[in-house]
Amino acid sequence: MKVRGLQQQLANSGYLLPSQRDVLSRLLFQLAFNDFSRLAIIGASGSGKSTLALALAELFSEAEEISVNVAMLQAPIAEALLASQLGKQWFATSDLTEQNLLQRLQNVDADTRYILITDNPELLSAEQYAWILSLPVTLFVFTTQADSQMQLNLTIPGLTLADCEQLLQAEQLEPLALAERFANCQNNLHKLISPAPARTARAARKPVVRRPKAPLIAACVGAALILLFILTSWLNSTPSADQAKPAEEMAIVPIPQVQSATTSPETIAAASDSALMDLPNDARMPELAEAEVEAEPEPAIVAMPSNAENIKAAIIDEAKTVVAEPTVATTLNNVQPLPAKLLQESVLTPEPEVKREQDTPKVHQHGALLATPAQHFVVQIAVLSSENALSRFKRNYPKLSIQVYQRSWQGRGQWVIVSQSFASNTAAKQYVQQLPSALSSAGPFIKSVGAVQQEIKAWQRLQLAQSSQDN
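If you want it as structure tokens, here you go:
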């Protein structure tokens with residue numbers, strides 16, 4: 000069969016999908032080299048069989064290089080109307096019986112090819128289907144199952160994403176929504192075109208799932224508030240250990256000042272402290288630590304329990320023992336006491352918090368990069384995960400002029416090494432060619448300074464947020 004004109008008509012048709020045009024192209028290719036008279040195009044429900052049948056009938060009707068007489072049969076159809084409908088399409092008369100139609104087909108001109116296109120032949124009765132197969136015409140059937148009586152069984156391929164883009168072009172869907180529609184259609188054009196029932200069913204299920212959640216959440220919040228109120232009331236009603244002590248049991252006792260020729264005031268204070276450490280726990284005086292760190296040995300006012308007189312006598316006896324025994328005094332004199340100012344700062348003044356960032360020298364050039372015009376370019380040479388790796392890089396390439404900035408990538412800090420800025424992309428490409436072979440093989444690439452500045456600002460905002468949380 001001469002199909003060149005048919006192929007040109009098929010190429011000019013714009014209403015067919017890419018996969019449908021591919022099926023008809025394969026069919027015309029088979030007709031060009033094989034004299035088939037019975038052909039089957041196989042596809043599942045919703046694969047576009049009816050559209051292909053109409054497109055094939057239109058191609059044959061407009062053929063110019065061959066003489067074609069086309070009839071199209073849509074099943075199901077009554078047996079009394081089968082012959083009359085075909086006779087009306089082929090010979091413009093509906094008064095033919097099955098025998099008369101068969102005789103006229105046997106006596107037609109040999110130069111004219113009679114073609115019958117049947118859609119859904121499985122809906123015909125067995126007698127009707129057998130009679131159609133006996134007709135001396137070229138038969139095309141678009142069915143759901145392969146037929147061994149056919150000389151060629153051609154399968155319709157599944158839908159592609161290109162088909163979906165063309166078919167849903169008017170809806171202007173986003174790529175993600177288009178891919179979701181394509182995945183849910185299951186190679187069915189009807190489901191692809193009208194997905195409204197699926198959305199309606201999904202929307203109807205949402206209130207059923209959400210209704211029981213509101214009372215449950217309210218109950219949980221109420222229980223949490225009640226528990227918090229009970230805990231707060233219990234904490235406020237519990238007196239502290241310091242408040243439970245009556246004021247009458249506290250006494251003011253001056254610490255005696257004991258001096259000798261061989262013992263300094265600091266030594267006596269240390270001895271007094273050792274004497275206090277030997278006392279029971281209930282007789283210790285935490286406030287004595289403040290008196291011991293004073294620069295001048297003055298009497299200190301210390302809050303003590305009611306047995307303060309016994310403690311006072313023990314302190315005086317201990318001080319006399321220190322003065323009387325030269326061995327102990329000599330040992331204590333060898334101990335270098337800390338200055339009183341340092342002791343006071345260590346005891347009374349908490350050490351101020353110092354940010355780690357102030358102690359370590361800055362290894363980045365954020366200021367220089369932020370001051371560079373955003374339209375300039377830099378070459379990203381390497382991305383390191385630690386400051387030690389950055390130090391090794393600088394030792395390996397001491398003559399390489401680089402800039403370093405920090406960024407946060409997937410929750411981790413990184414040190415990014417870039418080149419000096421370039422005003423044009425061409426200059427940056429020349430710099431890449433001049434890099435050492437070990438660095439050029441790692442895949443350096445060019446990026447704008449504006450992109451670098453965005454990463455620096457994001458890292459600075461993250462550091463500021465972390466410091467505010469720590470405070």
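Per numbering that gives the first Met the number 0, residue 0 is the first one in the sequence shown, and the count goes up by one each step. Glycine included, C-beta positions come from ideal geometry on N, C-alpha and C. It should be emphasised that the depicted structure is a prediction, and the values quoted were computed from it without experimental measurement.
Give the C-beta separation of residue i and residue j to the nearest angstrom, bearing in mind that I take them to be a contact with Cβ-Cβ under 8 angstroms.
i, j, result
"SER466", "VAL448", "Not really, about 27 angstroms apart at Cβ, beyond 8 angstroms."
"ILE40", "MET0", "Their Cβ separation, rounded to whole angstroms, is 16 angstroms, which puts ILE40 and MET0 out of contact at 8 angstroms."
"PHE141", "LYS48", "4 angstroms"
"ALA74", "LEU38", "At roughly 17 angstroms, the Cβ-Cβ gap does not stay under 8 angstroms, so ALA74 and LEU38 are not in contact."
"HIS363", "GLN413", "Their Cβ separation, rounded to whole angstroms, is 11 angstroms, which puts HIS363 and GLN413 out of contact at 8 angstroms."
"GLN69", "ILE116", "This sequence places Val at residue 69; Gln is not what is there. About 7 angstroms; that satisfies the 8 angstroms criterion."
"GLN402", "LEU434", "No, GLN402 and LEU434 are not in contact; Cβ-Cβ is about 15 angstroms, not under 8 angstroms."
"SER155", "VAL22", "Note that residue 155 is Ile in the sequence shown here, rather than Ser. Right, their Cβ atoms sit about 6 angstroms apart."
"LEU158", "CYS184", "7 angstroms"
"LEU27", "LEU53", "So it is not a contact: roughly 16 angstroms between Cβ atoms."
"VAL67", "ARG112", "5 angstroms"
"PHE392", "ALA427", "The Cβ separation is near 20 angstroms, so there is no contact."
"GLN379", "LYS446", "6 angstroms"
What is the DSSP secondary structure of residue i, reduced to helix, strand or coil?
i, result
"PHE444", "strand"
"ASN99", "helix"
"ALA299", "Low per-residue confidence applies at ALA299: pLDDT is 41, beneath 50, and the placement is therefore not dependable, though the value from the model is reported in the following sentence. Correct three-state label for ALA299: coil."
"LEU342", "Because LEU342 carries a pLDDT of 40, less than 50, the predicted location of this residue cannot be relied on, and no value is offered for it."
"ASN152", "strand"
"ALA39", "strand"
"GLN165", "helix"
"VAL22", "helix"
"GLN475", "Look at the range of the chain in this structure, 0 to 470, and you will see that residue 475 is not part of it."
"GLU317", "Here the model assigns GLU317 a pLDDT of 48, short of 50, so the residue's position is not dependable, and the following value carries that caveat. Helix, per DSSP."
"VAL220", "helix"
"LEU81", "helix"
"LEU158", "coil"
"GLN6", "helix"
"TYR430", "helix"
"LYS1", "coil"
"GLU57", "helix"
"ALA91", "coil"
"GLN144", "coil"
"LEU16", "coil"
"GLN468", "helix"
"SER46", "coil"
"GLN29", "helix"
"GLN171", "coil"
Return the first residue and the last residue of the beta strand (DSSP E) that residue i is part of.
i, result
"GLN379", "376-383"
Based on the DSSP output, what are the partners of residue i in its beta bridges?
i, result
"ILE494", "Any property of residue 494 remains undetermined from this structure, which presents the chain solely from 0 to 470."
"GLY412", "SER407"
"ALA66", "Reading off the sequence shown, one finds Ser at residue 66, where the question assumed Ala. BP columns for SER66 point to THR111."
"LEU138", "ARG37 and LEU115"
"GLN73", "ASP118"
"PHE421", "PHE376"
Would you give the residue range spanned by the alpha helix (DSSP H) that residue i belongs to?
i, result
"ASN106", "Neither: ASN106 is in no alpha helix (DSSP H) and is coded neither H nor E."
"ILE131", "125-132"
"ASN387", "386-395"
"PRO435", "PRO435 -> no alpha helix (DSSP H), and no H or E assigned at all."
"ASN183", "174-184"
"LEU191", "188-192"
"HIS365", "365-370"
For the ligand NAP, any of its heavy atoms closer than 7 angstroms to the Cβ of residue i?
i, result
"ASP110", "The ligand NAP is absent from the structure shown, which contains no ligand whatsoever."
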